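A.B. asks: Pasting a structure here, questions to come.
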Amino acid sequence: MSTDVAPALAPAELDQAAPRRIMIGSELYSRIVEAYYDEAETLDALRFAEWTEWLAKDVRYTCPQRLTRSLKDQDKSIDRRVMHFDENHGTLSARVRRLRGNSAFAEDPPSRTRRLITNIRITEADEPGAYAVRSYFLLTRSRFENANLALMSGERRDIVRDLGDRFELASREIILDQAVLGMPNLAIFL
Amino acid sequence: MSTDVAPALAPAELDQAAPRRIMIGSELYSRIVEAYYDEAETLDALRFAEWTEWLAKDVRYTCPQRLTRSLKDQDKSIDRRVMHFDENHGTLSARVRRLRGNSAFAEDPPSRTRRLITNIRITEADEPGAYAVRSYFLLTRSRFENANLALMSGERRDIVRDLGDRFELASREIILDQAVLGMPNLAIFL
Amino acid sequence: MSTDVAPALAPAELDQAAPRRIMIGSELYSRIVEAYYDEAETLDALRFAEWTEWLAKDVRYTCPQRLTRSLKDQDKSIDRRVMHFDENHGTLSARVRRLRGNSAFAEDPPSRTRRLITNIRITEADEPGAYAVRSYFLLTRSRFENANLALMSGERRDIVRDLGDRFELASREIILDQAVLGMPNLAIFL
Amino acid sequence: MLTRTTPTLSDGTPIEDLVRPATREVELRVLSDREIYELEMERVFGKTWLLLGHASEIPNAGDFVMRDMGNDSVIVARDRDGSIHVSLNVCPHRGMRVCLADAGNTPVHKCIYHGWAFKPNGEFVGSPVAEEKMHGEILPKSELGLRKARVHIYAGLIFATWNIEGPSFDEFLGDMKWYYDMIFNRTKGGWEVLGPPQRFIVNANWKAAGEQSAADGFHTLTLHRWLDEMFGNGGSELTSTMYGVEVGSEHGHALRCQSLSKKFARAKDFDNGSMSIEERWNILPAPGCTPEMLDEVRANLTPEQMEQLMTNPPQVGGMFPNVLLACIYAPQPDGRILGSMALHTYIPRGPDKLEFVNWVFCESGTSQEDRDVMLKNTIFMLGTSGLVEQDDSDTWPHMTLSARGTQGRKATMKYQAINANPPPKNWRGPGLVYDGFTKDDTQWNWWMYWRELMLSAD
Amino acid sequence: MLTRTTPTLSDGTPIEDLVRPATREVELRVLSDREIYELEMERVFGKTWLLLGHASEIPNAGDFVMRDMGNDSVIVARDRDGSIHVSLNVCPHRGMRVCLADAGNTPVHKCIYHGWAFKPNGEFVGSPVAEEKMHGEILPKSELGLRKARVHIYAGLIFATWNIEGPSFDEFLGDMKWYYDMIFNRTKGGWEVLGPPQRFIVNANWKAAGEQSAADGFHTLTLHRWLDEMFGNGGSELTSTMYGVEVGSEHGHALRCQSLSKKFARAKDFDNGSMSIEERWNILPAPGCTPEMLDEVRANLTPEQMEQLMTNPPQVGGMFPNVLLACIYAPQPDGRILGSMALHTYIPRGPDKLEFVNWVFCESGTSQEDRDVMLKNTIFMLGTSGLVEQDDSDTWPHMTLSARGTQGRKATMKYQAINANPPPKNWRGPGLVYDGFTKDDTQWNWWMYWRELMLSAD
Amino acid sequence: MLTRTTPTLSDGTPIEDLVRPATREVELRVLSDREIYELEMERVFGKTWLLLGHASEIPNAGDFVMRDMGNDSVIVARDRDGSIHVSLNVCPHRGMRVCLADAGNTPVHKCIYHGWAFKPNGEFVGSPVAEEKMHGEILPKSELGLRKARVHIYAGLIFATWNIEGPSFDEFLGDMKWYYDMIFNRTKGGWEVLGPPQRFIVNANWKAAGEQSAADGFHTLTLHRWLDEMFGNGGSELTSTMYGVEVGSEHGHALRCQSLSKKFARAKDFDNGSMSIEERWNILPAPGCTPEMLDEVRANLTPEQMEQLMTNPPQVGGMFPNVLLACIYAPQPDGRILGSMALHTYIPRGPDKLEFVNWVFCESGTSQEDRDVMLKNTIFMLGTSGLVEQDDSDTWPHMTLSARGTQGRKATMKYQAINANPPPKNWRGPGLVYDGFTKDDTQWNWWMYWRELMLSAD
Ligand code: FES
Ligand code: FES
Ligand code: FES
Ligand SMILES: [Fe+3]
Ligand SMILES: [Fe+3]
Ligand SMILES: [Fe+3]
C-alpha cells in the first residue's frame, strides 16, 4: 500500500496481510490497556517482584540499538545485533533479584520514575489468544537533587497472552529514539 | 502478593482489600476521563474561575515533598509534613482570585502550559458515589522567550464525586517525581 | 459561563452554543482515536505518502505563532498573521515529495520522532459528518548523536470527516506552547 | 601573572570598583560573571558562617541530613554523644560522594565505591579487608577522615564554616544578636522544624535573592501589590507598612522592625507607656508565640528586649550572605493572630542558578492545632507555591538575564535612597538603626560587606 | 596584563591571525570560541547598526515590541509624538527587565519590581511614593532613564546602535545604499510587515549564518539541490542561476543580482535596449511590485536604478553583521510572478546558539489577495518550515560542532574562489562588483570587515 | 603572558602539582576543571593512539563508520584497496561535518553544503561545476583533502593518532604487548565484532572511568558486592578474587591476571607443573576460545605466553587513556565456561561528560550458538544495562560533582596502597608486575603517564 522509503521502520507485521485489529473501546482493548497501566504503576512503585508475575515463562525482552543512517539506509536504523537488553525470564528475574538485594547501588537510592503510556494499538497475534500490542511511552526519571528530568521516549512492540483473568507478556521489543542514550544506564525496566 | 521493598510508594488503598475497579471502557470511566480532559483544557486555557467550579467545597489539595532516601527507607520518600501545596477551597479560591487581579506578576505574562493526562486508573472510593482516580501527568510550561520547555511529571491521586451531570474534585494529592523542583515556583495548578 | 480573563485561548467553537460532544468510549470516538494513533505511527515511521492519503483535498493546515503577551492581552497570544505553517493539500504534498527525493537534507538522516497523543476531545462540527477533534501532543525528536530529546508540546485543533471506512483530515491548527521554538526547523509534520 | 589573590579580575577590573561607595552603585555584572562567582565561593562561602538546618531535623544519634555549603555537599550528622558534626561529603579516597540520601540514620557512613567508612563525626573507621591496609601507610588514619567544618549551634540552628580560625559565630552576628535572640532564642524549647525544607531551582544569581533579603522592604509595594488588592480596603495599606525601623550591621545582616501600634488597631496603645508587658502580650503575643509562653520569653530576654518585642519587633530580614528569615504575624479569620515562621537559604548553583531552600518552623511549645494553621498559612504565602514569594522567584531570573547582556552588565544596581533620620527616641537596641520609610541602607551595608570579603586574600 | 583592548586572545593568538588575507582563510575556531564571542558582543554588536524591526509593527503611540541588540534586550517603542525610540530593557534601579511582553501598548513602562516608571522614549518618570524620593538624590532624574540607543529609520526599517558617536547609518551602508534603495525605498508607502516575526533557536554560532548571508550563492547548488529535483526539468537549472553579479562592500554588505533576461523567458529582451521601462515593468515588475506601482517607483529611483531593476535587480543578500534579505520572484501557477520579501536577523545567543528571526513583508500597496499568496509562498520556502531554509538551519549546527573539536577548530574556512572578471559592461551601480559565477569575494569582504572591527579598540 | 605551553594553569597552579608523587595523591579538581580538560584534548587525546573500532565493522570497500578521537569526529573508512583510513570529519571548505551517518557505504563522501567530495582515504576529489574551480587556485588539490590521522591496525583493532611523527603503536604498547597479544592476537581469525557498539552518556569526567580501567580491582568488593550476594555461597568469594597479579606499564596500560588454580576448582592443578598445555586447554580454554582453537593459539603465541594463559591469564584491564577491556570467563549453567569479550572507550564530551562506547566481540571462529550465549552474557553484565557496570556509571558522576565544589576540588584522590611484593616466582612476562592483593600501583602509573603527557609541550 505504500512505496515509502522506510518500510523497515514499520513493525514487521504490517508487511504481511494485515492482522485483525482489536478496536479501541472494545472490552478486550480496554482490558489490555488496564494491564499496561497496572504494569506502569507496578514499575513506578518499585514493586518489581509483582512485575515479574506478568512476564511469561518464555518471555523475550529486547531493546535494539538505533543508528543514525541516511534516509536510503533507514532499514538499518534499528539494529538487533548488539542490543541494550536481550533478556529472558531468567535474566529478568535475576535483575529483579539484584534490585531487591542490599547492593544494587545503581538504583539505591532508587530513581523516581514515571512511565506515561499512550498510542496503544492492538491486533491479533499469530498465536491464538495472543495480541500484538504496540504502544508509545515517555519515561521520566529523576535521581538525587537533579532538577532536570531525564527523558526517554520510544515504542514497545509487545505480544501479550490472554490468560482469562489476566494477561502475560510473551515478548517485548523496545524501540528507543536515540542513537546515544542520555542516561548513564538502563538499570530500570522499560 | 508482594514482598517488595517499597510498599509505601503504592497508593494507600492498595494496602487494604482491593476496592472495586472501574473498568476502562465503561461509561463511568469514560465520563471521568472526559472530566479530566476538560479540567486540563480549563487550566491550560487559563479559565481559572471555571476550574474552581469543579472543586468540591470540602476539597483538599496537597502536594507532598519527595526526598531522596535509600531503598530501605523508601517509605519515607514521600513526605507529607511540609508540602508544596496544602490547600482547601478557600485557599485555592484565593489563589484564583489573585491570578485574576492585576498584579499576579509570577504569572503575568502567563506561562503557556499543557497538561498531558495519561494512565488513568479508577476504583470505587469509600464514600458512596465517589471514585479514587489515579492518573499520570506531564506538565510542559513555557515562559517568555525560553526555548526549553520546563517539565514536571507525576501522579495525581484524587477522589472525585459523581454529581450526576458532572463530577467534583473532593481531594487531590500530587506526587511529584523530583526532590528539587526544576521550576522557580508553583504559581500554576497541577 | 465564564468571565475569565483569557477567553481567546479557548477554541473558537466554545464561544458559541456548545456543540454536541462525542462521548469518550463511544464507537465514533474510538474510531477517531484509532485514526489519530495510526496517523502518529505513519509519521513516526516516515510513511509520508501514506500520510497524505489521510489529508482531505481541501485540507487547511496551519500553525500560528505564540507571543508572550501580558495577561490582559492574552487574546493576542495566538497570532495568525505570519504562521509557522500555512498549508493546503498542494503544499503538503510538495513537502512530502521533497522528503521522498534525494536531497531533503534537513531530514536526511531523518529525525527519530515520537508523537504522543493524549487528551482527545471531540464534538460535532458544523459540517454534517465532520467532527472537531482537539488533542494534545508531545513530540520527541532525536537527531544524530544528540543525547537530549528535542521536545515540542501543543494542541491540535482539527476537523475530521467521517468517510465511513476511514476519516480524512479537513483542517488542522497546531497551537504550540513556545514563543521561540527550540528546534532549528519544522522539517517534520505536527 | 594573574592569580586569585590579586584584587583584580582577569579583564583588568579592580574588584573594589564593582561596588562604588561614592555613588552607592553596584555593577550589574556581579549577577552573571563566572569569575566573580568562583571568587565568591572562596571568599564569601568559604569564609562566613552558613546556615545548614535545625537540630530538630536530626533528633537522634546517627540521624543525618545532606546539605550544601556554597557549592559543596556536606553531611550534617548527630553523633552518639548527641553532638552535631558537619563534614565535607567527599570521600578522601577517590572523591566519591559518601552520603547519597537527603536524610537517614546510620552509625557509619560507608562509601559505596571502595567501602571506606566514617563515623558521624567524620572520623575514618577503616577500609575493607583491613589486613591489606588499602588506605596505605603514607597518611595516618587520623588524616583520612572526612574534612570537618567548624560548627556552631545557635538556638538549635546549625551553622558551619570552613573558616576554622576565623571569627566566632557571635562575632559574626555582632550587635544583631540582640535582635535575633528576640526571634530564635526567646522560648525554652526554641524553634522546631515542621518538616524537611521545600527545595526548588531558580535560574538566578544567588545575590539577586541575597541582596533582597537584607532588607528590601520597598519592592513589596509594587511586586507584591496584590496584597493590597486582595487584603486592602481600597486604600494603600501597603504604603503604610513601608514605614518602620530597619536595623543593619557592618556584616550585612538586616532586620525590619515594625511598629505594632501602627500596624494593629488592637495595639494602638502599645508604645505610649500605658500598658504592662503582660497586658500587651496577652493582646498580641510575639508572632508564633501564645499567651502561655510569656514566662519563658521573659526568662530568656532582657527587659529592653521585651519592650522592643512589644513595640517594634523585628519581623523579616536576613543574615549574610544567603539567609532570609520571616517571623511575621498571621491574622486568622477568627480574630486570633498567629505567626508564620520560616527561614530560607539561597544555595549558589552557578552564576545563574540558585536553589531555594525553605524551612517552616514553629515554637516547640505550639499546639498541634496551631502548628497546622501556621504551616498552611506559611505554605500559602512563602516558598514553592507561596503567593508572595512566587513573584520574587520569577523576578530574580530577569535580573540575571539582564546582567548577561554585554550592555546590560555595564548597568548598575543603585542604593541611593538614603535614610537620614536619627534612630527613634528611646530606641533600646544596638546596631545601625534606620527609622522611617524603608530605604536602601541595609542593602547597601550588605554589599559593602560582600566587597570587604571579596577583597580579602584567601 | 591581558585586557580586552589588546589584539591578542588569552591563549596568545593574535586576533588578526584569525582571518588570513594571504590565503583567504578563516580559522574555524571563530565559530565556537567563547572569548571571541564575548569580544564580538563589544566590537561588532556594540558598534554597528543593527536591524530591530519595522515601523509598521508599532503603528500607534505607545506601541512597543521587545527585541534584541546582540545579547541585550531592548524596548522599541513609539512615543506620543510618533518618534521611535530604542532603550536598553534593563531597569536602572536594580537591573530588572522592565518590559516583559513581546509586544503591547502602554504610555508608561513600569518596572514590576519596585515600580520605577519610564516613558516610551526611555525617560525616567518617577518611583512610587514620590515624597520619599526612593530614587535618591545622588543622580538627577535625567540620569535615571533607560539607556538609549541611537536610532535610524531607513525606509521604515528600524535600526539602532550603541555607537553613539560612530558612523551614520548612511555611512554604514555606503555605496550599497544605491542597491538597497531599489528594494526598500522604491514605493511611496514602502514595505509593510505582514505579522510578527517567526522565531526559533538554531544551535549554531551566529557567523555560520552571517557569513552565508553575504552572499553564498554556491551552496544552493548542492544543499538546496531539491529545487532542481522538484522544479527543474531534468537538467541543471540551478547551475545556471549560479551566474549573475554579486555586489559587495568593504563593510561586509552583499547582494546578488541576477540577469532577468537569462532567468525568465519573458524577459529575454530586457537588456538589449529594445524595450522601454514601461514595457518591461508591465511584463515583469520588480518582485513584490505590481504593474500599477510603476509611477511611484519611478518617482523614488533614478533612471539608472530603474534600468538596473529592469535588467539585473538585486534579489538576495545580507547586511552586516546579521541580516539576510530576500526579495525574490515567486512565479505562480497562473503565470503571474509575484514576490517573496523577507528579512532575517540572526541573534547571537552564545557561541553556539543563535535565534533566527524571520519577518515577512509586502509593499504597502499590495492587495489583500496578493498578500495572502506572497505570505504562503514565503512560509513555504523560508523560515521555520521553509523548504529552502530548513536545510540551512540543520547545516550550521554541524559547522559549530566541528569548530568545537580540538583538531577541528584548527581547520580553516576557505574563501579561495576569486572572481577575476571586470564588472559587466555598462554596469550602472557603485560598489565592489563581481560578474559571473558566484564566488567567494563578497563573503571574504564580510570577514575582512569582521576582522577590522575585532581589531578596533573598545 | 600565559600560553598553553607553559606548565602552569591560569590560576598559577603548576600542572605538575596536580599529581603528587611524594604522597601518591591527585588533586580532585582534575575531574572538573575546564582548563585542564582543554589541555588534555591537546596533550593526551592529541598525542596518544586511540581505539576507534574494529576492522570487522567495515568489511567491504567503501564501508565507513563515524567515530570520535577525543572531542573530534572522524571518518573511519575502507578504501577500494582494502586499506583503512581515518580522516577528520570536517570539510576543509567551510567546516561542515562531511559524514553525517553512524555507518554506511559510499565510494565518495560528498559534503552536503557545497558539494566538495572526498575519497574514503580522505583525498579531495573536486567541487561541483569543475570548470569554475570553486576550490580556488591558492592551494593545490592535494592540500584540500580531509585531514588524515595516522592509522595502525592491531589484530583487527583500529587505532589512530594525530601524532604523526610520534611513537609507533608498538612503542606505545611497550612491554604490555606481550600480554595484549594473548588476548587479541591469539587466533588466526582474530576477534570479530558482534554488532555496533552500545553508546550512552554519563555525566562524568572521562578520567573517572579512565583511572578505574587501569586497573581498579578493589572497588568490585564493595560497589559490585551484589555479585557475592547473588552468586556467592554466603562467604566472601569476592575477597578471594582480589588476589592476583596486576601488570602495569609506564604508559599507563594495565591488566589484571588471575590464577586459574585459585579461581576454578577444575583448574586446581594448573600451575603445579603436572599438566600439559593440551590437558589444561581442554579443561578450560582461554575465555572466548573453544577447545578446537588450541592449534591456532599455539601457532600465534610463544610457549611462555601459552603457559601464562594456562596459569595466570590477563582478564580485565585498560589501555591508556580511555580503553577498558574485558576478556573474562563466563561459566554457564551447563557447566561449560565461555567468555565475555568486550572493549569500551570513554569519549570525552566536556569536563563533566563522557560517552560510553561498548563493543562486544567473539573469536571469529566461534559458533553461532556460542556467540548468542556470549553476547547475552555480556549484555547482562556490561554496558548499558549490564548489572556490573550500571553501578560504575552511576558512581562516576558523583565524583565529578564532588570535584566541582570549591572545597571538594581541593580534596585528593589517593593511591597509597602500595604493593611491595616481588613478582611471583617463575613469572614469565615483562612489565611492572604486582603480585597479591589488588593495590593502587597500576592506577598510579596511569596518573603518572597522564602527568608526563600534560607536562609535554604541544
Ligand atoms: S572513593 Fe570512597 S572508598 Fe574509594
Ligand atoms: S529594579 Fe526596577 S524598579 Fe527596582
Ligand atoms: S563546507 Fe563542505 S563543501 Fe562547503
Ligand atoms: Fe518579595
Ligand atoms: Fe541556503
Ligand atoms: Fe566496576
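Chains as they are written, first to last, in my numbering: chain A, 1 to 190; chain B, 1001 to 1190; chain C, 2001 to 2190; chain D, 3001 to 3458; chain E, 4001 to 4458; chain F, 5001 to 5458. Built from N, CA and C at the ideal position, the CB exists for glycine as well. Quantities reported herein were computed from a predicted structural model and do not represent experimental measurements.
#1: Compare the C-beta of C/PRO2110 with all C-beta atoms of chain F and state if any pair is closer than 7 Å.
#2: May I ask you to verify whether the region 3380-3388 of chain D touches the region 1175-1190 of chain B, counting CB pairs closer than 8 Å and requiring at least 3?
#3: Considering just the uninterrupted stretch of the beta strand (DSSP E) at E/PHE4270, what are its terminal residues?
#4: Can you give me the C-alpha to C-alpha distance between F/ARG5428 and F/MET5176, rounded to a whole angstrom?
#5: For E/LYS4425, which of E/ASN4312, E/PHE4124 and E/LYS4410 has the nearest alpha-carbon?
#6: Hey, which unbroken runs of the beta strand (DSSP E) at 3 residues or more fall wholly within the region 3394-3429 of chain D?
#7: Is the shortest distance between the beta-carbon of E/HIS4398 and the beta-carbons of chain G less than 7 Å?
#8: How would you label D/ASN3203, buried or exposed, when you count the other beta carbons within 10 angstroms and need 16 or more for buried?
#9: Which partner residues of D/PHE3356 appear in the DSSP bridge assignment?
#10: In the structure shown, what three-state DSSP assignment does D/LYS3110 receive?
#11: Quick check on F/LEU5144 - is its C-beta less than 7 Å from some C-beta in chain D?
#12: Using beta carbons (cut-off 7 Å, strictly below), is E/GLU4240 in contact with chain C?
#13: Check each candidate in F/GLY5217, F/GLY5431, F/GLY5046 and F/GLU5250 and name the one with the smallest Cα separation from F/GLY5244.
#14: Tell me, please, whether the region 3010-3019 of chain D touches the region 3442-3453 of chain D by the rule of three or more beta-carbon pairs shorter than 8 Å.
#15: Could you say if the region 4181-4201 of chain E and the region 2077-2095 of chain C meet the contact criterion of at least three C-beta pairs nearer than 8 Å?
#16: If we count the other Cβ atoms within 10 Å of its Cβ and call it buried at 16 or more, is E/ARG4526 buried or exposed?
#17: Verify the CB distance criterion: does C/GLN2065 have a CB-CB separation below 7 Å to chain B?
#18: Hey, would you say the C-beta of E/VAL4094 is under 6 Å away from at least one heavy atom of ligand 2?
#19: Which residues have a Cβ closer than 7 Å to any heavy atom of ligand 4, listed in chain order?
#20: Check the Cβ of B/ASN1119 against every Cβ in chain A and list those closer than 7 Å, keeping chain order.
#21: So if DSSP puts F/HIS5251 in a beta bridge, which residue, or which two residues, is it bridged to?
#22: Kindly list the residues whose CB is nearer than 6 Å to the CB of F/MET5319, restricted to its own chain and excluding five residues on each side of it in sequence; keep chain order.
#23: What is the C-beta distance between E/TYR4186 and E/ALA4103, in whole angstroms, given that I count them as a contact (C-beta under 8 Å)?
#24: Relative to ligand 2, is the shortest distance from any of its heavy atoms to the C-beta of C/CYS2063 smaller than 6 Å?
#25: Locate the beta strand (DSSP E) running through D/LEU3088, then write down its first and last residues.
#26: With burial defined as no fewer than 16 other Cβ atoms inside 10 Å of the residue's Cβ, what is the status of F/VAL5108: buried or exposed?
#27: Which chain D residues sit within Cβ distance under 8 Å of F/SER5364?
C.D. replies: According to the structure data:
#1: no
#2: These segments touch.
#3: Segment: none, E/PHE4270 is in no beta strand (DSSP E) and carries neither H nor E.
#4: Note on geometry: alpha-carbon atoms of F/ARG5428 and F/MET5176 lie some 13 Å from one another.
#5: E/ASN4312
#6: 3412-3414
#7: The question asks about chain G, but that chain is absent: this structure's protein chains are A, B, C, D, E and F.
#8: Here D/ASN3203 is buried. Its C-beta has 16 or more other C-beta atoms within 10 Å.
#9: For D/PHE3356, DSSP records a beta bridge to D/PHE3200 and D/TYR3346.
#10: strand
#11: no
#12: Looking at the sequence provided, one finds Ser at residue 4240 of chain E rather than Glu. No, E/SER4240 lies away from the interface with chain C (no Cβ there is under 7 Å from its Cβ).
#13: F/GLY5217
#14: In the pairwise beta carbon analysis, the region 3010-3019 of chain D is classified as touching the region 3442-3453 of chain D: at least three pairs are separated by under 8 Å.
#15: yes
#16: What the structure shows of chain E is the stretch from 4001 to 4458, and residue 4526 of chain E is not part of that stretch, so it cannot be assessed.
#17: no
#18: Contrary to the premise, residue 4094 of chain E reads as Arg rather than Val in this sequence. Yes, Cβ of E/ARG4094 sits closer than 6 Å to a heavy atom of ligand 2.
#19: By the rule of a C-beta closer than 7 Å to any heavy atom of ligand 4, the residues picked out are D/GLN3212, D/HIS3219, D/THR3220, D/LEU3223, D/HIS3224, D/VAL3388, D/GLU3389, D/ASP3391 and D/ASP3392.
#20: TYR37, ALA40, LEU116 and ILE117
#21: None, per the DSSP bridge assignment.
#22: Only HIS5253 meet the Cβ criterion.
#23: Per the sequence presented here, residue 4186 of chain E reads as Arg, with Tyr not at that position. Not a contact, Cβ separation roughly 28 Å.
#24: With a threshold of 6 Å, the Cβ atom of C/CYS2063 does not count as near ligand 2, since no heavy atom of the ligand is closer than that.
#25: 3084-3088
#26: Here F/VAL5108 is exposed, its C-beta having fewer than 16 other C-beta atoms within 10 Å.
#27: Residues of chain D passing the Cβ test: none, with the nearest at roughly 37 Å.
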